[in-house]
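Chemist: I am attaching a structure below and will ask some questions about it afterwards.
6 protein chains.
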Amino acid sequence: MPVIRVEMLAGRTDEQKRTFAREVTKLACETFNCKPDTLHVVFSEIPRNSWATAGTLQSDKS
Amino acid sequence: MPVIRVEMLAGRTDEQKRTFAREVTKLACETFNCKPDTLHVVFSEIPRNSWATAGTLQSDKS
Amino acid sequence: MPVIRVEMLAGRTDEQKRTFAREVTKLACETFNCKPDTLHVVFSEIPRNSWATAGTLQSDKS
Amino acid sequence: MPVIRVEMLAGRTDEQKRTFAREVTKLACETFNCKPDTLHVVFSEIPRNSWATAGTLQSDKS
Amino acid sequence: MPVIRVEMLAGRTDEQKRTFAREVTKLACETFNCKPDTLHVVFSEIPRNSWATAGTLQSDKS
Amino acid sequence: MPVIRVEMLAGRTDEQKRTFAREVTKLACETFNCKPDTLHVVFSEIPRNSWATAGTLQSDKS
Numbered sequence: 001m002p003v004i005r006v007e008m009l010a011g012r013t014d015e016q017k018r019t020f021a022r023e024v025t026k027l028a029c030e031t032f033n034c035k036p037d038t039l040h041v042v043f044s045e046i047p048r049n050s051w052a053t054a055g056t057l058q059s060d061k062s
Numbered sequence: 063m064p065v066i067r068v069e070m071l072a073g074r075t076d077e078q079k080r081t082f083a084r085e086v087t088k089l090a091c092e093t094f095n096c097k098p099d100t101l102h103v104v105f106s107e108i109p110r111n112s113w114a115t116a117g118t119l120q121s122d123k124s
Numbered sequence: 125m126p127v128i129r130v131e132m133l134a135g136r137t138d139e140q141k142r143t144f145a146r147e148v149t150k151l152a153c154e155t156f157n158c159k160p161d162t163l164h165v166v167f168s169e170i171p172r173n174s175w176a177t178a179g180t181l182q183s184d185k186s
Numbered sequence: 187m188p189v190i191r192v193e194m195l196a197g198r199t200d201e202q203k204r205t206f207a208r209e210v211t212k213l214a215c216e217t218f219n220c221k222p223d224t225l226h227v228v229f230s231e232i233p234r235n236s237w238a239t240a241g242t243l244q245s246d247k248s
Numbered sequence: 249m250p251v252i253r254v255e256m257l258a259g260r261t262d263e264q265k266r267t268f269a270r271e272v273t274k275l276a277c278e279t280f281n282c283k284p285d286t287l288h289v290v291f292s293e294i295p296r297n298s299w300a301t302a303g304t305l306q307s308d309k310s
Numbered sequence: 311m312p313v314i315r316v317e318m319l320a321g322r323t324d325e326q327k328r329t330f331a332r333e334v335t336k337l338a339c340e341t342f343n344c345k346p347d348t349l350h351v352v353f354s355e356i357p358r359n360s361w362a363t364a365g366t367l368q369s370d371k372s
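Chains as they are written, first to last, in the working numbering: chain X, 1 to 62; chain B, 63 to 124; chain E, 125 to 186; chain W, 187 to 248; chain H, 249 to 310; chain F, 311 to 372.
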């Protein structure tokens, strides 16, 4: 049942997403006692010019 | 007022989205007693390498 | 696979949510060609003092 | 701490996002008494064929 | 059209939300050239035991 | 930078959330090469009468 949404800056590799999806599914199933086939992990990759921290776009930071 | 967000794998056609938007707006207005012009339907289309189920990226499934 | 999230003002009944969940699942499966058991509908009910339109909280509108 | 997510039709310029991010960060820090470096602004830009209002895709409206 | 979602720790007053909603609507309409009556601001107030930073729940921080 | 949102049925304990937050932060920092103090984990706990799977509210399932 849980849906885990990872919102992060764009640019990670499929291999990083593959590893994270596998490991976070194990972690969530152990911790929250749910079955893997009901668990979704969705990556939302945000371009640097669409994410600001402390009022500044990431694309404007060196 | 309701905002209906549909998060799904990328690849559906505009015609499918057109049909769903029209029909879900009718359904929501009838069921929740709201006016169509205040109802938004937003599709969030996720690439197959950004959605994992049971720990495996959709792009890695045959 | 699709996750349908309905963000709306709090106050609807379980019967309204039951009806909408049943019908939107049928509609989505027909339109997007997916299986019902992979489809989730999540209602996010927002209190009137946490939703503003045109700059005014719903709780401040008559 | 706050995360401010702006979901809007695609097509705005970086300059518009830069201005909004700067000003909304000031506004949120003053109003909610939080520090700028803990505040994130994330823009989610939706294509016109993925946003429907009153049952019609924006891309189908003149 | 824009939907502005503010995800923050629970505990702010209606007056703070009132002020922010009014001012962010003005800012967004000026910056993004949209009409106030199509702009929604939704506050999602998260309890301290449901928000973790640096691996620690806010409720566990002094 | 990443914001990890966990949307799940209400009812988990603080201890389960504490464990998951700690471990997922380690996992994300190792896998995505980011710093813990920029990583947020937000739990969104959904009542059983607000989550439907296969067209049926969880609260209507035995």
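Just so you know, even glycine gets a beta-carbon here, dropped at the ideal spot from N, CA and C.
All values derive from a computational prediction rather than experimental measurement.
(1) What does Thr335 (chain F) touch in chain H if you count any residue whose Cβ is under 8 angstroms from its own?
(2) What span of residues does the alpha helix (DSSP H) with Thr31 (chain X) cover, start to end?
(3) Could you tell me whether the Cβ of Glu107 (chain B) comes closer than 8 angstroms to any Cβ of chain E?
(4) Tell me, please, whether the region 252-262 of chain H touches the region 293-304 of chain H by the rule of three or more beta-carbon pairs shorter than 8 angstroms.
(5) Spell out whether any CB of chain E is found under 8 angstroms from the CB atom of Pro64 (chain B).
(6) Are the C-beta of Ala258 (chain H) and some C-beta of chain W separated by less than 8 angstroms?
(7) Does the separation of the CB atoms of Ala21 (chain X) and Leu101 (chain B) fall below 8 angstroms?
(8) Strictly below 9 angstroms CB to CB, what residues from chain W border Gly15 (chain X)?
(9) Smallest Cα separation from Leu89 (chain B): which of W:Ile232, W:Lys247, W:Val189 and W:Ala240?
(10) May I ask you to list the residues that DSSP assigns as paired with Leu243 (chain W)?
(11) Applying a beta-carbon distance threshold of less than 8 angstroms, which residues of chain F neighbour Asp308 (chain H)?
(12) May I have the straight-line CA-CA distance separating Asp138 (chain E) from Asp161 (chain E), to the nearest angstrom?
(13) Only counting the same chain, and skipping five residues up and downstream in sequence, which positions put a Cβ closer than 7 angstroms to that of Pro250 (chain H)?
(14) Please decide whether Arg172 (chain E) counts as near chain B, where near means a Cβ-Cβ distance under 8 angstroms.
(15) Could you give the distance in angstroms between the alpha-carbon of Ser121 (chain B) and the alpha-carbon of Thr273 (chain H)?
(16) Buried or exposed: Lys17 (chain X), going by 16 or more other Cβ atoms within 10 Å of its Cβ?
(17) Ordered along the chain, which non-local residues of its own chain (more than five positions away) have a Cβ less than 8 angstroms from that of Ser292 (chain H)?
(18) On the DSSP letters alone, give me the boundaries of the beta strand (DSSP E) that Leu133 (chain E) sits inside.
(19) Which partner residues of Ser44 (chain X) appear in the DSSP bridge assignment?
(20) For my contact list, Ile46 (chain X) and Val227 (chain W) are in at a C-beta cut-off of 8 angstroms; report their separation, rounded to the angstrom.
(21) If you draw a straight line from the alpha carbon of Thr329 (chain F) to that of Glu23 (chain X), how long is it in whole angstroms?
(22) Any beta-carbon of chain X closer than 8 angstroms to the one on Glu92 (chain B)?
(23) Would you kindly work out how many angstroms separate the C-alpha atoms of Glu92 (chain B) and Ser124 (chain B), rounded to a whole number?
Modeler: With the given structure in hand:
(1) Here the question's residue 335 (chain F) lines up with position 25 in the sixth sequence. Within 8 angstroms Cβ-Cβ: Ala300, Ala302 and Gly303.
(2) As a first step, residue 31 (chain X) is located in the first sequence; it is residue number 31 there, counting from the start. Residues Asp14 to Phe32.
(3) Translated into positions along the second sequence, residue 107 (chain B) becomes position 45. For Glu107 (chain B), the answer is no, since every Cβ of chain E falls outside 8 angstroms of its Cβ.
(4) yes
(5) The sequence position of residue 64 (chain B) within the second sequence is 2, counting from 1. Yes - at least one Cβ of chain E is within 8 angstroms of the one on Pro64 (chain B).
(6) As a first step, residue 258 (chain H) must be located in the fifth sequence, where it is residue number 10. Closer than 8 angstroms: no.
(7) Taking the first sequence and counting its residues from 1, one reaches residue 21 (chain X) at position 21. Taking the second sequence and counting its residues from 1, one reaches residue 101 (chain B) at position 39. Contact flag unset, no.
(8) The sequence position of residue 15 (chain X) within the first sequence is 15, counting from 1. One point to set straight first is that residue 15 (chain X) is Glu, not Gly, in the sequence displayed. Neighbours of Glu15 (chain X) on chain W: none; closest Cβ ~25 angstroms, over 9 angstroms.
(9) Stepping through the second sequence from its first residue, residue 89 (chain B) is reached at position 27. For Leu89 (chain B), the nearest C-alpha among the options comes from W:Ala240.
(10) Position 57 of the fourth sequence holds residue 243 (chain W). Paired residues: W:Ala238.
(11) Along the fifth sequence, read from residue 1 onward, the residue named residue 308 (chain H) stands at position 60. Within chain F, the residues near Asp308 (chain H) are Arg328.
(12) What you label residue 138 (chain E) is simply residue 14 of the third sequence in a count that begins at 1. What you label residue 161 (chain E) is simply residue 37 of the third sequence in a count that begins at 1. Asp138 (chain E) and Asp161 (chain E): Cα-Cα distance of roughly 20 angstroms.
(13) The sequence position of residue 250 (chain H) within the fifth sequence is 2, counting from 1. Excluding sequence neighbours, Pro250 (chain H) sits near Ala276, Phe280, Cys282 and Leu287.
(14) Residue numbering aside, residue 172 (chain E) sits at position 48 when the third sequence is read from its first letter. So no, Arg172 (chain E) is outside the interface.
(15) For this step, residue 121 (chain B) is matched to residue 59 along the second sequence. For this step, residue 273 (chain H) is matched to residue 25 along the fifth sequence. Roughly 40 angstroms separates the two Cα atoms.
(16) By 1-based counting over the first sequence, the position of residue 17 (chain X) is 17. By the 10 Å Cβ count, Lys17 (chain X) comes out buried.
(17) The residue labelled residue 292 (chain H) in the question sits at position 44 within the fifth sequence. For Ser292 (chain H), where only same-chain residues beyond five positions count, the Cβ hits under 8 angstroms are Arg253, Val254, Glu255 and Met256.
(18) Locating residue 133 (chain E) in the third sequence gives position 9, counting from the first residue. Run containing Leu133 (chain E): Val127 to Leu133, per the beta strand (DSSP E) assignment.
(19) For the purposes of this step, residue 44 (chain X) is taken as residue 44 along the first sequence, with counting starting at 1. Ser44 (chain X) pairs with X:Glu7.
(20) Position 46 of the first sequence, counted from the start, is the residue given in the question as residue 46 (chain X). Position 41 of the fourth sequence, counted from the start, is the residue given in the question as residue 227 (chain W). Not really, about 11 angstroms apart at Cβ, beyond 8 angstroms.
(21) For the purposes of this step, residue 329 (chain F) is identified with residue 19 of the sixth sequence, where counting begins at 1. For the purposes of this step, residue 23 (chain X) is identified with residue 23 of the first sequence, where counting begins at 1. For Thr329 (chain F) and Glu23 (chain X), the distance between alpha carbons rounds to 14 angstroms.
(22) Indexing the second sequence from 1 puts residue 92 (chain B) at position 30. It does not; no Cβ of chain X falls within 8 angstroms.
(23) Residue 92 (chain B) sits at position 30 when you count from the first residue of the second sequence. Residue 124 (chain B) sits at position 62 when you count from the first residue of the second sequence. Rounded to the nearest angstrom, the two C-alpha atoms are 40 angstroms apart.
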